[in-house]
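Using the numbering used here, the letters of the sequence shown map in sequence onto residues 2 to 212.
Heads up, the beta-carbon is just placed ideally off N, CA and C, and yes, glycines get one too.
Nothing here was measured: the structure is a model prediction, and the numbers come from that model.
Heads up, the thing below is written out as structure tokens.
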Amino acid sequence: MVLKQLKNHPALRLLEWWLLFLAALLPLAWISWQAWSFALGADPAKEITDYLGQWALYLLWGSLAITPLRQALGWTRLQRFRRMIGLYALFYATAHLLAFGTFIIGWRWDLLQTALTERTYIIVGALALLLLIPLGITSTKGWQRRLKKRWTQLHQLVYPISLLVLLHVVWLIRDSYFDAFLYGSLLGWMLGYRVWRRLQRRLRRSASLSS
Ligand code: HEM
């Protein structure tokens, strides 16, 4: 009882929120420090871009993992961090685009055009990022209230977005498929779990209607 009260204490909840908020900035701090100390090897532009892209993916996958973890393992405390983690995914994806624009193509229009026409994985990545923006904007409680049922429908876009991100990664593979396999398996588990839950709910509903 005392433990439960302590766990729900507003000060502890605030502390948890701030810890996660600051922890999510650590990858950015780390890569900036590595770049500052010239520790990124022969191709720092690629290192920075890849690293920020990877963190965008980890956070996007992290936001998708919250519902299954909450439902399957009862980790209800995770729920209130979902928005922050999703917004950080958008933040890192934007930083990834900025790194690509600044360090790889130097914001040259001709190089951007070539990238967009010749490299399908860039088109797919750009589409994923474009679709993430409205989700970020409407992630507040205010938008949730305003859009009502349409909010849930809109935020279901996260599933095709995650598939686009997976495609982005699979398409740019040059050697090992291990990472892509890992990302794909995790995503398969998270999406499969939702489909399975939905089917269960539907079956239960039709069973209660027929009884
Ligand atoms: C306009 C949008 C985007 C552009 C232009 C872009 C561009 C790139 C480029 C140039 C690379 C490096 C390819 C290489 O290694 O040669 C890359 C890799 C990657 N991107 Fe993106 N991307 C975009 C959106 C996204 C989004 C939305 C995500 C995830 C949420 C993402 C995740 C990744 C990941 C995980 C990698 C692989 C890093 C690795 O090598 O492990 N990208 N992207």
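With distances taken from CA atoms, which of the options is nearest residue i?
| i | options | result |
| --- | --- | --- |
| alanine 158 | Ile86, Arg195, Lys149 and Ala129 | This sequence places leucine at residue 158; alanine is not what is there. Nearest C-alpha to leucine 158: Ala129. |
| phenylalanine 82 | Pro28, Phe22 and Gln72 | Phe22 |
| histidine 97 | Pro28, Val171 and Arg203 | Pro28 |
| alanine 127 | Ala46, Ile86 and Gly102 | Gly102 |
| glutamine 72 | Leu4, Lys8 and Met191 | Met191 |
| lysine 8 | Ile124, Gln114, Arg78 and Gln145 | Arg78 |
| arginine 198 | Ala43, Leu70, Ala12 and Asp44 | Leu70 |
| arginine 120 | Pro11, Val171 and Tyr178 | Val171 |
| tryptophan 18 | Ala46, Leu41 and Gln80 | Gln80 |
| glycine 107 | Thr95, Trp152, Thr153 and Ala46 | Ala46 |
So, residue i versus residue j, is the Cβ gap smaller than 8 Å?
| i | j | result |
| --- | --- | --- |
| threonine 141 | phenylalanine 104 | no |
| tyrosine 122 | leucine 58 | no |
| leucine 133 | histidine 156 | no |
| tyrosine 93 | tryptophan 62 | no |
| leucine 167 | tyrosine 184 | yes |
| isoleucine 86 | leucine 53 | no |
| threonine 139 | leucine 148 | yes |
| isoleucine 124 | leucine 113 | no |
Can you tell me the Cα-Cα spacing of residue i and residue j, whole angstroms?
| i | j | result |
| --- | --- | --- |
| arginine 14 | alanine 66 | 21 Å |
| glycine 143 | aspartate 176 | 46 Å |
| leucine 188 | serine 163 | 8 Å |
| alanine 208 | glutamine 35 | 59 Å |
| alanine 30 | phenylalanine 39 | 14 Å |
| valine 196 | glycine 75 | 19 Å |
| histidine 169 | arginine 84 | 23 Å |
| alanine 25 | tyrosine 89 | 7 Å |
| serine 33 | serine 186 | 31 Å |
| serine 64 | glutamine 6 | 27 Å |
| glutamate 48 | leucine 200 | 42 Å |
| glycine 193 | tyrosine 160 | 11 Å |
| glycine 42 | threonine 68 | 39 Å |
| leucine 204 | tyrosine 178 | 37 Å |
| threonine 153 | tryptophan 37 | 42 Å |
| alanine 181 | alanine 100 | 22 Å |
| leucine 20 | arginine 146 | 28 Å |
Say whether chain D places a C-beta atom closer than 8 Å to the C-beta of residue i.
| i | result |
| --- | --- |
| proline 161 | Of the protein chains in this structure there is only one, and it is not chain D. |
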